[in-house]
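Protein chains: 2
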Amino acid sequence: MNRREVSKIIGLGAAVSLLAKAQQSTQTNHPMPATPENIVMLIYPGMTALDLIGPQQVFGYLMGAKVHLVWKNKDIVVSDTGIGIRPTITFAECPETVDILFAPGGGTGTISAMQDRDVLDFFRQRGKTAKYVTSVCTGSLILATAGLLRGYKATSHWSARNELALFGAEPVAKRVVEDRNRITAGGITSGIDFAIRIAAKLRGEEYAQAMELTLEYDPQPPFHSGNPETAPKPVVAMMTAMYAPLITSIRDIAARTAKERG
Amino acid sequence: MNRREVSKIIGLGAAVSLLAKAQQSTQTNHPMPATPENIVMLIYPGMTALDLIGPQQVFGYLMGAKVHLVWKNKDIVVSDTGIGIRPTITFAECPETVDILFAPGGGTGTISAMQDRDVLDFFRQRGKTAKYVTSVCTGSLILATAGLLRGYKATSHWSARNELALFGAEPVAKRVVEDRNRITAGGITSGIDFAIRIAAKLRGEEYAQAMELTLEYDPQPPFHSGNPETAPKPVVAMMTAMYAPLITSIRDIAARTAKERG
Chain A
1 MNRREVSKII
11 GLGAAVSLLA
21 KAQQSTQTNH
31 PMPATPENIV
41 MLIYPGMTAL
51 DLIGPQQVFG
61 YLMGAKVHLV
71 WKNKDIVVSD
81 TGIGIRPTIT
91 FAECPETVDI
101 LFAPGGGTGT
111 ISAMQDRDVL
121 DFFRQRGKTA
131 KYVTSVCTGS
141 LILATAGLLR
151 GYKATSHWSA
161 RNELALFGAE
171 PVAKRVVEDR
181 NRITAGGITS
191 GIDFAIRIAA
201 KLRGEEYAQA
211 MELTLEYDPQ
221 PPFHSGNPET
231 APKPVVAMMT
241 AMYAPLITSI
251 RDIAARTAKE
261 RG
Chain B
263 MNRREVSKII
273 GLGAAVSLLA
283 KAQQSTQTNH
293 PMPATPENIV
303 MLIYPGMTAL
313 DLIGPQQVFG
323 YLMGAKVHLV
333 WKNKDIVVSD
343 TGIGIRPTIT
353 FAECPETVDI
363 LFAPGGGTGT
373 ISAMQDRDVL
383 DFFRQRGKTA
393 KYVTSVCTGS
403 LILATAGLLR
413 GYKATSHWSA
423 RNELALFGAE
433 PVAKRVVEDR
443 NRITAGGITS
453 GIDFAIRIAA
463 KLRGEEYAQA
473 MELTLEYDPQ
483 PPFHSGNPET
493 APKPVVAMMT
503 AMYAPLITSI
513 RDIAARTAKE
523 RG
């Protein structure tokens, strides 16, 4: 990666000075990688765009890493709120060496992805050797259906978290759950917390703190409604009812998956 | 908008029950709009994708609203971290009636947008009549260059906030700043706080709380580094140095803009 490319990626001006600082940093021991890390992020129709873009914004600022958006072809993929995003590579073009394998969540689009043989084959294959196998929101259910969370602690969107047990995972009610090389995050916005933690792993704390400052991640949620423990009960009831058909679909897939394993 | 479209937009299953609940809600007095609101979000090369997608995820879940991604043509727009996003309308196709006019920020891409006559003309024109004129991050500098923040309190990314004064705005160090119909938000992630507040304005508190729960917006930043007051001093110094060329460009544009006004 040359200076011009670095500058383009950071998109915020004189990136080169940050790069130099990070490399010189004596506080941490995370030099730039000798070869760029491959961060491979699945995209698919009906995914929740914020599940993807929260982490991608951090990964994209991670100098020395290469971020790929992978799908079965190069057609524009449309998110659950109508954002059309272009894949950068196909499953066939994906590098063999994957440092971070990532699945975003969604609603009915995720249910489809959980039943898509190409998606599952890809995750089974790359999941064997990827350095980290990761997800945000219901993306963990794609990992689970591919058999990648059996025997692992994991999390998901609050509404679907307990369903992970049906796939042999151990659900944990935390925003980011790390078990060996599996790192799963909770609902939608938790992808930001997740990605800053990954930045700390790959580049050290100072770099991750710089990311947090760049993102101005000093959140002030307008309500106290961000998890089912604190949200008003009628709101939780409304959303739980809304997600019910989705949960039924997940259970059906879990039953079929268990049957296929025999 | 028919049931099928609503269901597609929410992307999370039985949206219709939420719609019905929201309409019946006696707690708030925000019925669904008689005609869909037009939410018009600028996209442009080099923008910061998370500035856009944070709010878009909320607006896209706002049943009864129509979200447009506007650019000068329909070519894929590439963000500062390489996300290729498809515009849905051109400036020429944009509805006359705009409920929310929105500009995301970025780095050098934003500097270009601030000097793009098509962008400025579009904002000047639609900014006159839009119900709300809004931004996230350095998007406020696009509004400011178009003359839309003169005499208004406003905010921006922490690194560029004070520069708003050069365009006749009054910088305020808050995550979301509201002055009459101008609503500007701070750096990148503040767009999520911003959008939930907009949801409350348009659909009432209960609906906005449901959005916050859907997003699982119960943030746990890994560090205390999300604003320059709390971040470690060397990290602030590093990022301030990194942003310096960008600030110089902003000042140059401000000087030229002031001269052109005479």
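Listed in order, the protein sequences are those of chains A and B.
If you're matching positions, the first sequence starts at 1 in our numbering and goes up one per residue.
If you're matching positions, the second sequence starts at 263 in our numbering and goes up one per residue.
Even glycine gets a Cβ: it sits at the ideal position worked out from N, Cα and C.
Below 6 Å CB to CB, which residues in the same chain sit around residue i once its five sequence neighbours on both sides are set aside?
| i | result |
| --- | --- |
| B:Val434 | Lys415 and Thr417 |
| A:Gly168 | Arg150 |
| B:Glu355 | none |
| A:Ser249 | Ile111 |
| A:Gly64 | Met32, Pro33 and Pro36 |
| B:Asp441 | Tyr414 and Lys415 |
| B:Asn309 | Reading off the sequence shown, one finds Met at residue 309 of chain B, where the question assumed Asn. These residues qualify, in order along the chain: Ser341, Pro366, Gly368 and Gly371. |
| A:Gln57 | none |
| A:His68 | Val40, Thr88 and Ile89 |
| B:Lys270 | Because the pLDDT of B:Lys270 is 42, which lies under 50, any placement of that residue in the model is unreliable, and the number read from its coordinates should be weighed accordingly. Excluding positions up to five away in sequence, the list is empty. |
| A:Ile247 | none |
| A:Val177 | Lys153, Ala154, Thr155 and Thr184 |
| B:Lys328 | Pro298 and Asn300 |
| A:Glu263 | Outside the modelled stretch of chain A, which goes from 1 to 262, sits residue 263 of chain A, for which no answer is possible. |
| A:Gly13 | Below a pLDDT of 50, predicted positions are generally treated as unreliable, and A:Gly13, at 36, falls in that range; the measurement from the model is reported next regardless. Result list for A:Gly13: empty, nothing under 6 Å. |
So residue i and residue j are supposed to be a Cβ contact under 8 Å. How far apart are they, rounded?
| i | j | result |
| --- | --- | --- |
| A:Leu62 | A:Leu215 | No, A:Leu62 and A:Leu215 are not in contact; Cβ-Cβ is about 13 Å, not under 8 Å. |
| B:Ala472 | B:Ile458 | Actually they are not in contact, since the Cβ atoms of B:Ala472 and B:Ile458 sit about 10 Å apart, beyond 8 Å. |
| A:Ala103 | A:Ser79 | Actually they do not touch by this definition, with Cβ atoms about 14 Å apart. |
| B:Ile226 | B:Gln387 | Residue 226 of chain B lies beyond the range of chain B shown here (263 to 524); nothing can be said about it. |
| B:Thr400 | B:Thr372 | 5 Å |
| B:Val339 | B:Pro307 | 6 Å |
| A:His157 | A:Gly187 | 4 Å |
| A:Tyr243 | A:Ser159 | 4 Å |
| A:Gly127 | A:Ala146 | 6 Å |
Does the separation of the CB atoms of residue i and residue j fall below 9 Å?
| i | j | result |
| --- | --- | --- |
| B:Ser315 | A:Gly107 | What sits at residue 315 of chain B in the sequence shown is Ile, not Ser. In this structure, A:Gly107 does not lie closer than 9 Å to B:Ile315 by Cβ. |
| B:Leu426 | B:Leu403 | yes |
| B:Asp480 | A:Asn227 | yes |
| B:Val395 | B:Ile454 | no |
| B:Ile362 | B:Lys334 | no |
| B:Asn300 | B:Pro349 | no |
| B:Gly322 | A:Gly82 | yes |
| B:Val398 | B:Ala447 | yes |
| B:Ala375 | B:Leu304 | yes |
| B:Gln482 | A:Arg175 | yes |
| A:Ala231 | B:Glu474 | yes |
| A:Pro222 | B:Ala462 | yes |
| B:Leu410 | B:Phe384 | no |
Apart from the five residues just before and just after residue i, which ones in its own chain have a Cβ nearer than 8 Å to its Cβ?
| i | result |
| --- | --- |
| A:Thr97 | Asn38 and Thr129 |
| B:Asp337 | Pro349 |
| B:Asp313 | Pro366, Gly367, Gly368, Val398, Cys399, Gly401, Ile450 and Gly453 |
| A:Asp118 | Lys72 and Phe91 |
| B:Ile460 | Pro317, Val320, Phe321, Ile362, Tyr394, Thr396 and Ile445 |
| A:Arg251 | Glu163 and Leu166 |
Quick one: what's got a C-beta closer than 7 Å to residue i's C-beta in the same chain, skipping five residues either side?
| i | result |
| --- | --- |
| B:Lys495 | none |
| A:Thr257 | Thr145 and Phe167 |
Could I get the ranges of all uninterrupted alpha helix (DSSP H) runs contained in the region 377-451 of chain B, with 4 residues as the minimum, in chain order? 379-391 and 401-407
Just to confirm the assignment: which complete alpha helix (DSSP H) runs, minimum length 4, are found wholly within the region 330-383 of chain B? 370-375
Contained beta strand (DSSP E) runs [length at least 3] in the region 440-524 of chain B, N- to C-terminal order: 444-447
Could you tell me which uninterrupted alpha helix (DSSP H) segments, each at least 4 residues in length, are contained entirely in the region 31-65 of chain A, listed from first to last along the chain? 49-60
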